[in-house]
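Notes follow the structure.
Protein chains: 2
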Amino acid sequence: MLSKETLSKLFPDWEDGLYDAILNEAELKEAKAGTTLLKMGQNIKSAMLVVEGTIKLYQEDETGGEYFMYHLNPGEACAVTLVCNYHHEQSQVLAKAVTDIQYLAIPIEFMEKWLNEFKSWHYFVIKTYRSRYEELLKTIHEIAFKNMDERLEFYILKYVKQFGKIVNLTHQDIANDLNTSREVISRLLKKMEHNGWIVMNRNSFDWIKK
Amino acid sequence: MLSKETLSKLFPDWEDGLYDAILNEAELKEAKAGTTLLKMGQNIKSAMLVVEGTIKLYQEDETGGEYFMYHLNPGEACAVTLVCNYHHEQSQVLAKAVTDIQYLAIPIEFMEKWLNEFKSWHYFVIKTYRSRYEELLKTIHEIAFKNMDERLEFYILKYVKQFGKIVNLTHQDIANDLNTSREVISRLLKKMEHNGWIVMNRNSFDWIKK
DNA sequence: TTAATTGGGTGACATATATCACACTACAAT
DNA sequence: ATTGTAGTGTGATATATGTCACCCAATTAA
């Protein structure tokens, strides 16, 4: 079960009443690694706050393509689910659990209410949107101006920052996240290996640049 | 000079005290069409609210490339300038006036203060971030999944929605906004003409599809 | 131990876009 | 009328990436 202590570690800037509200209204849910938590076009019925584990956020194409945008970690929230004035709002993003996760699901009817009641909630929402907006800007910068080799490096660095220098991803995983094909990634990784940036193993490689 | 009536038409959801605060603290500025209002990396010293005219927001590359993301119209605000807790925050976007414009410049020291004082300001900031976040998602969708011909159509439709079916842009203008070359745009527009989607003139063309 | 599956390597080729060179035309300036 | 300039059209070619075909090695399942 969830305690006020746990909450105050995850969300240190909240006022006391907000912790109580969460304990009363939020449901603590779990999901296995790999689960899809939110699909594009799906109706949003609750806000999502990460308690444990990591979530990956994607832009999704009608034809099945995906483009990875950013990670969500404990103490962070999915921006799109935070402000739903109307019911039946549809998700604009795809969210997947990377690891086994725990998250808080708060029915969206509390969103409007809490914005009124809790100043710290209000700040939390703004902070969330601001930082996600910045992530999207970085993503646009990559896709609009960089070639695949640079985007791959940027992608790997995001991974390394999250999980460390041993990158446990198959070439196919990476290709899916960057909306390209496995062959392209294989060739680019080979180049990186020649350049001495990585050491390759089956199913993984080590980032050793710098 | 700026009146409370004008303000209440532009920003209908604000509380009364906020109009007064604006009248006291904001400076009404003007800029000619084509002016650069904010460059990437530039220190943000004031928030920007559009009163008259249209602004275009870009992502900018170190090497001079630009990618158009969205328009800002009267009653809208530049999200990045709205939440600057620290001084010396650097702009992540490029903003240019498309038409002659008037805008309100509010020194950033009031941002934190007003978030505390005015609930309607708080909502305004959230609404701004939310809608800009959605624009960025659409932009990512275009660049990540679409070829240049589809992106060009999307681009033209944004223009048409803003300014009407007569598109007063040179091929070079469009190429700059989509970070490609004039030749590419020329050829694609020729195709659109063949398909009967547009009628071309010198310095402009008409969108007649559908 | 053998067979099947998954991850990866690589050549050949297709396509989209970028780049270069240059020609042409409408309009503006003189 | 002449000249200059900005906007446009278009072939030739280069490059990055996508696609197809197929192989091999490592791991797992039988």
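So the sequences go chain by chain: A and B. First residue of the first sequence: 1, per my numbering; consecutive thereafter. First residue of the second sequence: 1001, per my numbering; consecutive thereafter. Beta carbons: idealized from backbone N, C-alpha and C, even for Gly.
Pick out whichever of the options has its Cα sitting closest to the Cα of residue i.
i: Asn1176/B; options: His1194/B, Tyr1058/B, Met1192/B, Ile1140/B; result: Tyr1058/B
i: Asp1173/B; options: Val1083/B, Tyr1067/B, Glu1150/B, Arg1132/B; result: Tyr1067/B
i: Asp1149/B; options: Ser1186/B, Ile1044/B, Trp1014/B, Leu1028/B; result: Ser1186/B
i: Ala105/A; options: Phe154/A, His194/A, Asn24/A, Ile166/A; result: Asn24/A
i: Pro1012/B; options: Phe1124/B, Asn1073/B, Asn1043/B, Val1093/B; result: Phe1124/B
i: Ala97/A; options: Leu72/A, Leu136/A, Ile55/A; result: Ile55/A
i: Val1167/B; options: Tyr1133/B, Asn1203/B, Lys1191/B; result: Asn1203/B
i: Lys1039/B; options: Ser1091/B, Arg1132/B, Lys1138/B, Ile1101/B; result: Ser1091/B
i: Ser131/A; options: Met1/A, Ser46/A, Gly75/A; result: Gly75/A
i: Ala1079/B; options: Ser1008/B, Ile1126/B, Thr1063/B, Gln1102/B; result: Ile1126/B
i: His1071/B; options: Glu1015/B, His1194/B, His1122/B, Glu1135/B; result: Glu1135/B
i: Val1051/B; options: Met1069/B, Ala1026/B, Tyr1129/B; result: Ala1026/B
i: His171/A; options: Lys191/A, Gln162/A, Arg182/A; result: Arg182/A
i: Ile235/A; options: Leu49/A, Glu62/A, Leu94/A; result: For residue 235/A there is no data in the structure shown, the boundaries of chain A being 1 and 210.
i: Leu1094/B; options: Tyr1159/B, Thr1036/B, Tyr1129/B, Lys1113/B; result: Thr1036/B
i: Arg1151/B; options: Val1184/B, Trp1014/B, Ile1208/B; result: Val1184/B
i: Leu1028/B; options: Ile1198/B, Pro1107/B, Lys1138/B, Lys1210/B; result: Pro1107/B
i: Asn1147/B; options: Thr1006/B, Ser1003/B, Ala1031/B, Leu1178/B; result: Leu1178/B
i: Lys138/A; options: Glu5/A, Lys4/A, Met69/A; result: Met69/A
i: Glu1109/B; options: Cys1084/B, Lys1190/B, Lys1004/B, Tyr1133/B; result: Cys1084/B
i: Phe1145/B; options: Thr180/A, Tyr103/A, Asn116/A; result: Thr180/A
i: Ala77/A; options: Thr128/A, Asn116/A, Glu117/A, Gln42/A; result: Thr128/A
i: Lys1210/B; options: Leu1010/B, Lys1190/B, Glu1153/B, Leu1169/B; result: Glu1153/B
Count the other C-beta atoms from every protein chain shown that fall within 10 angstroms of the C-beta of residue i, then say buried if there are 16 or more, exposed otherwise.
i: Gly1164/B; result: exposed
i: Met1111/B; result: buried
i: Glu142/A; result: buried
i: Leu188/A; result: buried
i: Glu60/A; result: buried
i: Gly1053/B; result: buried
i: Ser1046/B; result: buried
i: Met1001/B; result: exposed
i: His1088/B; result: exposed
i: Leu157/A; result: exposed
i: Ala33/A; result: exposed
i: Thr81/A; result: buried
i: Thr1063/B; result: exposed
i: Ile1044/B; result: buried
i: Ile1208/B; result: exposed
i: His1122/B; result: buried
Strictly under 8 Å for the Cβ-Cβ distance: is residue i near chain B by that measure?
i: His122/A; result: yes
i: Asp214/A; result: With chain A running from 1 to 210 in the structure shown, residue 214/A is simply not present.
i: Lys129/A; result: Per the sequence shown, residue 129/A should be read as Tyr rather than Lys. Chain B, which has a Cβ nearer than 8 Å to the Cβ of Tyr129/A, makes this yes.
i: Asn179/A; result: yes
i: Ile198/A; result: no
i: Phe145/A; result: yes
i: Leu137/A; result: yes
i: Ala95/A; result: no
i: His141/A; result: yes
i: Ile44/A; result: no
Could you tell me whether any Cβ in chain A is nearer than 8 Å to the Cβ of residue i?
i: Arg1187/B; result: no
i: Phe1110/B; result: no
i: Asn1201/B; result: no
i: Thr1036/B; result: no
i: Glu1134/B; result: yes
i: Asp1061/B; result: yes
i: Ile1106/B; result: no
i: Met1069/B; result: yes
i: Val1184/B; result: no
i: His1088/B; result: no
i: Ile1174/B; result: no
i: Gln1092/B; result: yes
i: Gly1065/B; result: yes
i: Ala1021/B; result: no
i: Ile1126/B; result: yes
i: Val1083/B; result: yes
Specify, as a first and last residue, the run of the alpha helix (DSSP H) that residue i falls within.
i: Glu1135/B; result: 1119–1145
i: Lys209/A; result: Lys209/A -> no alpha helix (DSSP H), and no H or E assigned at all.
i: Lys1004/B; result: 1004–1010
i: Ile108/A; result: Where Ile108/A is concerned, there is no enclosing alpha helix (DSSP H), given that its DSSP letter is neither H nor E.
i: Asn24/A; result: 16–25
Tell me which residue opens and which closes the beta strand (DSSP E) that residue i is part of.
i: Asn201/A; result: 198–201
i: Leu1057/B; result: 1055–1060
i: Ala77/A; result: Careful: Ala77/A lies outside any beta strand (DSSP E) and carries neither H nor E.
Mind listing, in chain order, the continuous beta strand (DSSP E) runs of no fewer than 3 residues lying wholly within the region 1161–1190 of chain B? none
Output the residue ranges of the beta strand (DSSP E) runs that lie fully inside the region 1027–1052 of chain B and measure 3 residues or longer, sorted by chain position. 1027–1031, 1036–1038, 1046–1052
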